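In the numbering used here, the protein residues as written are 74 to 1259.
In structure tokens, the structure reads:
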């Protein structure tokens, strides 16, 4: 026996080695196959590649659109490829609109056909493999996803043949205007020119502005093309002069200054006669596409132009010497006195010559006397000339005189005269020659003593941008009339004369500025819509008059600070709800705090792909501009005392509105858009029902990390739909039946419902009639009450208030009885007009009974409980107790089954109808049971259902349902009655387990290297067919973890576990297992025991483990000395030897008896039997453990 166990262990080790070799080979083959597959994939890489200009492309409505598309990888690169262009618009995401084809002229849909014919939409071929798709004038409706596809003319497809790019059409907000409100300009050659223009944009996307000053010279009519550029500032803030003005720009005679964010000032130091014409400015808006290129999305010229006239001045060579001198009557003056400057001109033949003479204070021209004596005054002194404070005249043939009275403190400085000789032609026109300057004369002005005093009432006021700037100064000690002039720095703003006449300077002509005198002692300056550029030092200059002479002047100043609107307006975005459900109305609030001023607000959304989309813009003038298809949004504005609240409502939110929401504000001041810092970004994450909860926000998945004030998430939506209907209903035959299915609660006010009425009469549900969410009704198959020649008139569904759904069955028949199921599926809309159904519908059932005149049809009641042993045959009887005497009645019997493990299921097993047709309704889950069913009808009153070889899984409730039918005179079967027997609960028992293992507690002392055995004896087993799996365990002590030593499987497979020495396994008797451990060491001391698993064959499960038992402990103590060990185990070995001897003796007696019997049969000629008594193999093969 030990030798047999050793052989088994050797075979087991060989099997293990073979498995390792096989696994190694398999892994090697797998690597080779994988490499071959990878090589095949590499060899089959796509070679055709279609590429379109990367999107999204932002373009303004009315601007052109150009999209490039090219393909590579075809076998013949020189053959012209055919391209097709399509678009999918946001309003119709499932509709692909054909626009243009280079091969098929009729390719375009009717929506684009006219634009293709008019060349508003065209395709330009760049080369055989590249084209350019063009739209000359974009419409707002042109927004969408554009697709370029190449027609494959080859036999195989190998690559990418389509490419897509998104196009976003936004509103154009570029504005440009001239600030100088003049109808014409007249300058003389050599004079200076200064013009100002403003340009701004309110585009949400990041754009750059370029600016150009143009001159349309005389002779080029308006509309005959662009003028000639004077100077430009491109999108990269680089200044470039026009070709005709390059030299003058290099000489510093032409410049372009950008003042603030939106003001551009042109300066020309010396005009030339060729500069005559119309001057205007142009602004361009550029955006950078995803491929890095810049595209001009808007261009606008000023509607107003400056007509410039330049008078020619001919300068002749100086042929004679000219002497010019300046003389002041008094060089040190007090404020209020008179400044008198005389200029003398001396040359030969003075009386015969003409001159123009001008007085200059520094570089500023005060006044000029022409050759005919006409006086012209410089722009900065024109007000004083009007007030009579400046006078200039020609006092004689050589002398010119200038008088300033009263003189002011700012009048001190150096003065000079400049003379231009003038030659008069025969036509009376004058020609100017080279100028000659006098020397300089220094004039000083000191303050005079007077009782006049000026005090500023507001000390260093601060004004918010856009508000009104108001300054007041108080005047004391006045004896005469008083005039006031308000100025900022050295530039006058407005003045109020002593007669109360108000005069604004030209620079402030377009500004709303006022000078008032509310009381005799106070003067007020008001300047509307203050800007940061208005910050500075403001002066209140007060002059006292006596008759027509100014006698005293006093000034006082204050520093004004205009706070920029960026620091005044605060924009924040939030939502009132932290959690919303799909279909709810979500409201986002953009809170704008700050002073009241004209402003526009834009709502934007950034999708998970990073595409920024405009939703709506609320302009400062009250106009609302929607971008694309945004009908699922609504806006609302609330005005509060210190803030505005802009609401964006998402009506019936859906996953299409997922993204980053933001609101941004632009103020409109001085006809210029000022973009302010936008609000925080608010995340809206939408989850449709049935996707397993709330998904991770897309901004985390895509790596977009922004600052979020609020993370608005939509959770998994559970339907709130609840229905109500009467549980039972009884109606007489031929009467109308009405079953009402009412909606008690629903998920949303906008819910729609799809309703299906089903009839359950013991089999699968049969659809009677259904209506979709729009109310369209569809009849079911020709079954139930919808069957028959007039089925369309008998069954109808009507929706009533509530809502409720009323099923009407006219002229009820007995066959109409059954369980009527109202199944309702709730549908919710999303903002795009799409509908989605909630994953779980709701049902309600009404049991309808259709009664006839009294019928005594009854079934006998049976015992509700039945018990059987597994493998037995079970019979269920269904006997008719009464009502079967009339031979005109026929019966249909159906056996229904409710599994023990699924109490909600009530499935038909077998059916014998009233015509004698036997059928088994299809149900794959009950296929094993139905194969063992037998239905019989021993008598007219009884039906019997037999189950052969009953199994444990057959347990459950069995019920028979009998229908009584009668054939009418029209030859139509009519159901007269139906009766169900009581449910019989079948319990299938399996065999009881009787496994028992010897549990003797034995102690054994052995010496080192002395073998010992651990027997495992089964004293009792459940069945004679039982097989066993035995495992020996060892533990150091009773509290130690047990460790497996050896296992004998029930398929005779042996496995050694943790034992390091030699093991011998023996199986001398069917109920005796023995394990011998050789050469133990002291470390092998401990408790040894066996565990027995009992297995029995099962009709349904194959082999089944029925019991597990452990033996008693064999306590082994291994000593270091090799001495004889005596213990109880020796007695056990002796007993086993005696048993073996007895068995051998009995076997010998049996053999002797057989030999005697054979000897007695020699006379019959029978030969000696060749077969052995002991079979080499088992007579009956047992199933393996697997």
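Beta carbons are placed, not taken as given, at the ideal position from N, Cα and C, and that holds for glycine. Being a predicted model, the structure only gives us computed values, none of them experimental.
Are residue i and residue j close, meaning C-beta to C-beta below 9 Å?
{"i": "residue 472", "j": "residue 417", "result": "yes"}
{"i": "residue 574", "j": "residue 587", "result": "no"}
{"i": "residue 668", "j": "residue 531", "result": "no"}
{"i": "residue 983", "j": "residue 1026", "result": "no"}
{"i": "residue 666", "j": "residue 644", "result": "yes"}
{"i": "residue 1167", "j": "residue 1068", "result": "yes"}
{"i": "residue 738", "j": "residue 748", "result": "yes"}
{"i": "residue 1190", "j": "residue 1220", "result": "no"}
{"i": "residue 285", "j": "residue 271", "result": "no"}
{"i": "residue 491", "j": "residue 427", "result": "no"}
{"i": "residue 1047", "j": "residue 840", "result": "no"}
{"i": "residue 1053", "j": "residue 932", "result": "yes"}
Near residue i, what residues of its chain come up, given a Cβ to Cβ distance below 6 Å and the 5 sequence neighbours on each side ignored?
{"i": "residue 919", "result": "798, 799, 802, 812, 893"}
{"i": "residue 585", "result": "601"}
{"i": "residue 880", "result": "812, 830, 870"}
{"i": "residue 556", "result": "570, 571, 616"}
{"i": "residue 215", "result": "242"}
{"i": "residue 612", "result": "560, 628, 630"}
{"i": "residue 741", "result": "671, 693"}
{"i": "residue 450", "result": "440, 458"}
{"i": "residue 809", "result": "883"}
{"i": "residue 1118", "result": "1105, 1107, 1130, 1132"}
{"i": "residue 764", "result": "Per-residue confidence for residue 764 stands at a pLDDT of 41, beneath the threshold of 50, marking its modelled position as unreliable; the derived number appears in the next sentence. Correct list: empty, nothing qualifies."}
Might you give, ordered along the chain, the residues of its own chain that have their beta carbon closer than 7 Å to the beta carbon of residue i, omitting 5 neighbours on each side?
{"i": "residue 535", "result": "634, 636"}
{"i": "residue 116", "result": "Confidence at residue 116 is low in this model, with a pLDDT of 37, below 50, so its placement is unreliable and the value that follows should be read with caution. Cβ neighbours of residue 116 beyond the five flanking positions: none."}
{"i": "residue 188", "result": "194"}
{"i": "residue 315", "result": "301, 302, 303, 304"}
My guess is that residue i and residue j are in contact by the Cβ rule of under 8 Å, so how many angstroms apart are they, rounded?
{"i": "residue 440", "j": "residue 401", "result": "16 Å between Cβ atoms; not a contact."}
{"i": "residue 664", "j": "residue 718", "result": "6 Å"}
{"i": "residue 379", "j": "residue 351", "result": "7 Å"}
{"i": "residue 734", "j": "residue 661", "result": "6 Å"}
{"i": "residue 746", "j": "residue 246", "result": "7 Å"}
{"i": "residue 549", "j": "residue 594", "result": "7 Å"}
Could you say which of the options lies nearest to residue i if we only look at CA atoms?
{"i": "residue 1023", "options": "1088, 1101, 940", "result": "940"}
{"i": "residue 674", "options": "680, 683, 687, 681", "result": "687"}
{"i": "residue 489", "options": "1124, 1223, 438", "result": "438"}
{"i": "residue 1088", "options": "1074, 931, 913", "result": "1074"}
{"i": "residue 516", "options": "508, 504, 485", "result": "485"}
{"i": "residue 1136", "options": "1151, 931, 426", "result": "1151"}
{"i": "residue 384", "options": "1112, 725, 258", "result": "258"}
{"i": "residue 978", "options": "1030, 1156, 594", "result": "1030"}
{"i": "residue 937", "options": "924, 951, 945", "result": "951"}
{"i": "residue 513", "options": "435, 469, 504", "result": "435"}
{"i": "residue 303", "options": "339, 311, 281", "result": "339"}
{"i": "residue 545", "options": "495, 632, 910", "result": "632"}
{"i": "residue 396", "options": "609, 511, 994", "result": "511"}
{"i": "residue 1213", "options": "1142, 591, 1224, 223", "result": "1142"}
Cβ of residue i within 8 Å of any heavy atom in the ligand MN?
{"i": "residue 616", "result": "In the structure shown, the ligand MN is absent, as is every other ligand, since no ligand is present at all."}
Short of 8 Å in beta carbon distance, which residues of its chain neighbour residue i, apart from the five on each side in sequence? Order them along the chain.
{"i": "residue 53", "result": "Since the first and last residues shown for the chain are 74 and 1259, residue 53 lies out of range."}
{"i": "residue 929", "result": "955, 956"}
{"i": "residue 227", "result": "147, 148"}
{"i": "residue 689", "result": "675, 676, 697, 698, 699, 700, 703, 706, 708, 721"}
{"i": "residue 210", "result": "135, 136, 137, 193"}
Which complete beta strand (DSSP E) runs does the segment 1019–1046 hold, if anything under 3 residues is left out? 1029–1040
Can you check the segment 671–725 for any alpha helix (DSSP H) of at least 4 residues that lies completely inside it and give the ranges in chain order? Within the segment 671–725, no complete alpha helix (DSSP H) segment of 4 residues or longer occurs.
Quick one: complete beta strand (DSSP E) runs, 3+ long, within the segment 270–323? 280–290, 301–306, 312–314
Beta strand (DSSP E) segments (min. 3 residues) lying fully within the segment 493–577: 503–505, 514–519, 526–529, 535–537, 542–549, 554–561, 564–569, 575–577
Tell me the start and end of each unbroken alpha helix (DSSP H) in the segment 802–873 that is at least 4 residues and wholly inside, in chain order. The segment 802–873 contains these whole alpha helix (DSSP H) runs: 864–867.
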